[in-house]
Each structure stands twice: as C-alpha cells, then as structure tokens.
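Novice:
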Amino acid sequence: MSKAPGLFVDIGKKAKDLLTKDYTSYQKFTVSTYTVAGVALTSTALKKGGLSTGDVAALYKYKNTQFDVKVETDSNISTTLTFTEILPSTKTIASFKVPDYKSGKLEVQYFHDHATVTTTVGLNQTPGVDVTATIGTPTIAFGAEGRQGRQYKSIICALHGPAEEECLLWVRSVEGFPQMRTRLLLEGRMLLIISL
92 MSKAPGLFVD IGKKAKDLLT KDYTSYQKFT VSTYTVAGVA LTSTALKKGG LSTGDVAALY
152 KYKNTQFDVK VETDSNISTT LTFTEILPST KTIASFKVPD YKSGKLEVQY FHDHATVTTT
212 VGLNQTPGVD VTATIGTPTI AFGAEGRQGR QYKSIICALH GPAEEECLLW VRSVEGFPQM
272 RTRLLLEGRM LLIISL
C-alpha cells in the first residue's frame, strides 16, 4: 500500500465511481491495437442519445515520456505530453487542443510520502493558476485548492479505512467574497462499505 495520500482531484472519486462507473446511458465500441514500434492505436465510436461521435487516438511511451494524440469527429485534435521524474518525485503534463488555442495548460505534480502538490498554469494570454495540496496518509487525507482569478477556494477532507471496512467521508467547503458578500456552501457525503 502506498504511503502517499493521492491527488486532490481523486478525493471522492471512489464514492462517485461506486455509484456511476459501470452504469452507462450510451453505447460504446472500441478497437485497440499495438504496432511493433510500441504505439498504441485506439478507435472509439460512441452513441449517446441520438448523437454519434468517434475518435482515433495514438499513445507512444518512451522511457519517462508519454505522447498522446486524439483526433475527434468534431474536428478537434487533443495532444498531451507527459514527463515523469524530470525532477525527483515529479510528473509534468503539457496539454492543448486544436483549434481551441485557449485550452493549453501546463501541470506539475509533486509526490511526497505524506503530501502531494499540484500546480496548473493556463497557456494563454491571461493564464490562470490553480494550486492544490493534499496532506495525510492512505487512511486520512486533507486537501485544499486555490485558484487565482476565481471567487472561491475549497477544502476537502477524506477518510479511508482498511479494504475490509472501507469508509469514505467527503466534506467540501466553498467560500467566496464577491462584492463584499460572503457565500458558504457546505457539502457532505458519506459512503460505508462493509465486507462480511
């Protein structure tokens, strides 16, 4: 079992996946293959409601680098370039989507035994900066996020138990100060799974 608490965005994911992961309201068909050079090619067709979409994706891994390109039927091209261990215990992710030139972002993740920190910077004319931090262990984790240029910040607490008696408590607090007024949203979720 890992000693790290995990990323901030993953807090609460277990509870959500339990309720929604294997229940779909769409039809999906995927074909995947690998080339001799190690490129993974995937083609996906999706029908949701009366709308059909598709994409073709290529993924190439070489040592500490991963290059991912996806071409979608609505003329979007998504590209992600991931570097692990440029610096010890880090992961760097650069991504952008064409023709949306404002979608580019650079993300740096730092992993420690009892903390993770993520910084994301938009690659456009007015870049926004998001910073998240998680402190704890696999049993209990506290996370916070701050966004420059936004009106809120959030704090999340997650409690995890052993695999036999798993308990996830997710509490989220959002505060904002638009025009000297205070807004407070408190959200709580509890999931209890007991294996006999």
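When the count follows this note's numbering, it moves up by one through the sequence shown with no breaks and lands on 287 for the last residue.
Backbone N, C-alpha and C fix where the C-beta goes; we use that ideal spot for every residue, glycine too.
Remember, it's a predicted structure, so these values are computed and weren't measured experimentally.
List the residues that DSSP assigns as beta-bridge partners of Lys-119.
Specialist: Lys-119 pairs with Leu-137.
Novice: Run through the stretch 203 to 248 for me and flag every whole beta strand (DSSP E) of 3 or more residues, listed as ranges in chain order.
Specialist: 206 to 213, 220 to 227 and 231 to 238, all fully within the stretch 203 to 248.
Novice: Are the stretch 124 to 144 and the stretch 94 to 111 in contact at 8 Å, needing three or more beta carbon pairs?
Specialist: The stretch 124 to 144 is not in contact with the stretch 94 to 111.
Novice: Which of the three DSSP states is assigned to Thr-164 in this structure?
Specialist: DSSP places Thr-164 in coil when its eight states are reduced to three.
Novice: Comparing alpha-carbon positions, which option in Thr-164, Leu-172, Ala-148 and Gly-141 lies nearest Lys-154?
Specialist: Out of Thr-164, Leu-172, Ala-148 and Gly-141, Leu-172 has the C-alpha closest to the C-alpha of Lys-154.
Novice: So Ile-102 and Gly-234 are supposed to be a Cβ contact under 8 Å. How far apart are they, rounded?
Specialist: So it is a contact: roughly 5 Å between Cβ atoms.
Novice: In terms of residues, what are the limits of the beta strand (DSSP E) holding Asp-146?
Specialist: Its beta strand (DSSP E) spans residues 142 to 153.
Novice: Starting from Phe-187, follow the beta strand (DSSP E) in both directions and report where the run begins and ends.
Specialist: First-last of the beta strand (DSSP E) with Phe-187: 181 to 189.
Novice: Under a three-way DSSP split, which group does Glu-256 fall into?
Specialist: Note that Glu-256 has pLDDT 42, beneath the 50 cutoff, so the model's placement of it is unreliable and the number below is only indicative. Note: Glu-256 maps to strand in three-state DSSP.
Novice: In this structure, does DSSP put Lys-193 in helix, strand or coil?
Specialist: Looking at Lys-193 - three-state DSSP - the assignment turns out to be helix.
Novice: Measure how close the beta-carbons of Phe-174 and Leu-214 come, nearest whole angstrom, since I'm counting them as under 8 Å.
Specialist: Going by Cβ atoms, the distance from Phe-174 to Leu-214 rounds to 16 Å, so no, they are not a contact pair.
Novice: Residues bridged to Tyr-114 by DSSP?
Specialist: Bridge partners of Tyr-114: none, in fact.
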